[in-house]
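Below is the structure:
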């Protein structure tokens, strides 16, 4: 059952301890001997983004959702360095910026990861559809999901080609740094939906 | 010309002074005698939202964009009180919550305002389309635009009926408080697009 796989979190460890249990190959063993932790896979969420977050309010907001995600998934946010991208670059120069940033993104993503590239022309999923999708992935053993967010010029074709899902958050262009906050909130919402837990809108 | 109307901001007053000029009926008069200020209308943006912002990072983020919008528009954010909305309410009780919150929203909106209701089943505009729409409104003298964001249960039918545009920010459900930040960023982006000014993505 789909939800079975995702229910394998330790119910004893508090978030201040180590909420996730040691993995021994395919099997999760909880040091608190929670039954819920045995025999399943833990969803790993990786968000690979370009550039160092500057705005303090975004850092705080993202930290808040990463904390809340603690009991549901292993979450890793990786920032890769951005290239300088002044106005008035040629198309070739812009492509080079995307390519270099793209190489850095791909270098952070493991071979078995299911890659979701955020793209304006991607598939516009609802929150429920995203939740169902992540749940199905876990059911089929694809428990490592990597979301890639491009820099100010977007993602390189190489990253889009590596992605198994191109995901659109509507037709509006958001600043890529604000996009991180919106994404991590949607990932949190997805887990709340999968668990059938209440969550305010 | 559309951009003419929107270009009427004072180029002398700094943001710490009073960036907008006194209005005498239809005519804007700048106390710095900027030519740009004469004879046009100033766009007024009102965001009417339900509930008091709790998260400090959202308060800071929204304040940042309101500050940046200073030279472009008169911006007013109005928070109307939310109703208690516990889980396990009946449909009728939920409708009553929406209705009461809706009455408070409508009480804040002036008769001549162009009302944009944020709704998941609304029209999904791109950032450029939203900018063009606000620009066209100003051209036709509709320089007061009020955005309405519902509470956790959404907007009442009465607010949707008052709206001349139902606007969707994609198919994902965002927390209504985070929606305020995303909206105010898009409004800022719209003005940058109208002016043809660079703005990072």
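Protein chains in written order, with this note's numbering: chain A, 1 to 201; chain B, 202 to 402.
Virtual Cβ for every residue (Gly too), placed ideally from N, Cα, C.
Q. The segment 116 to 130 of chain A: which residues have C-beta closer than 7 Å to a C-beta of chain B, in chain order?
A. Listed in sequence order: 124, 125, 126 and 127.
Q: Assign residue 322/B to buried or exposed, taking buried as 16 or more other Cβ atoms, counted over all protein chains shown, within 10 Å of its Cβ.
A: exposed
Q. Within this structure, are the beta carbons of residue 133/A and residue 110/A separated by less than 9 Å?
A. no
Q) Does the Cβ of residue 392/B have 16 or more other Cβ atoms within 10 Å, making it buried, or fewer, making it exposed? A) buried
Q.
Less than 9 Å between CB atoms is the rule here; does residue 56/A satisfy it with respect to chain B?
A. yes
Q.
For a contact defined as C-beta to C-beta under 7 Å, what are the partners of residue 176/A on chain B?
A. 402
Q: Would you mind sorting residue 49/A into buried or exposed? The rule is 16 or more other CB atoms within 10 Å of its CB.
A: buried
Q. Looking at C-alpha atoms only, which residue of 54/A, 128/A, 43/A and 94/A is the closest neighbour of residue 206/A?
A. The question about residue 206/A has no answer, for chain A in this structure spans 1 to 201.
**Q.** Members of the segment 358 to 369 of chain B near chain A, C-beta cut-off 8 Å
**A.** So the list reads 369, given in the order they occur along the chain.
Q. If you run the structure through DSSP and keep just helix, strand and coil, what is residue 255/B?
A. coil
Q. Would DSSP call residue 191/A helix, strand or coil?
A. helix
Q.
Please report the straight-line C-alpha distance between residue 300/B and residue 386/B, rounded to a whole angstrom.
A. Approximately 28 Å between the Cα atoms of the pair.
Q. Chain A beta carbons: is any one of them nearer than 9 Å to that of residue 234/B?
A. Low per-residue confidence applies at residue 234/B: pLDDT is 42, beneath 50, and the placement is therefore not dependable enough to give any value.
Q: For residue 225/B, I'd like the list of residues in its chain whose CB is within less than 7 Å of its CB, leaving aside the five on either flank, ordered along the chain.
A: Any reading at residue 225/B needs caution, since the residue's pLDDT is 34, under 50, leaving its predicted position unreliable; the model's value is listed next. None.
Q: Say whether the segment 243 to 259 of chain B touches the segment 290 to 310 of chain B, bearing in mind that this needs 3 or more beta-carbon pairs closer than 8 Å, one atom from each stretch.
A: yes
Q) Going by other Cβ atoms of all chains shown within 10 Å of its Cβ, with 16 needed for buried, is residue 63/A buried or exposed? A) exposed
Q | Own chain, CB closer than 6 Å to residue 76/A, minus 5 neighbours either side, in chain order | A | 46
Q. Are there 16 or more other CB atoms within 10 angstroms of the CB of residue 156/A, so buried, or fewer, so exposed?
A. buried
Q) So, does the CB of residue 282/B fall closer than 9 Å to a CB anywhere in chain A? A) no
Q: Helix, strand or coil for residue 239/B, going by three-state DSSP, please let me know.
A: For residue 239/B, the predicted structure reports a pLDDT of 33, less than 50, and the residue's modelled location is therefore unreliable. The matter cannot be settled from this model.
**Q.** Simplified DSSP assignment, three categories, for residue 299/B
**A.** helix
Q | Simplified DSSP state of residue 275/B, which is helix, strand or coil | A | strand
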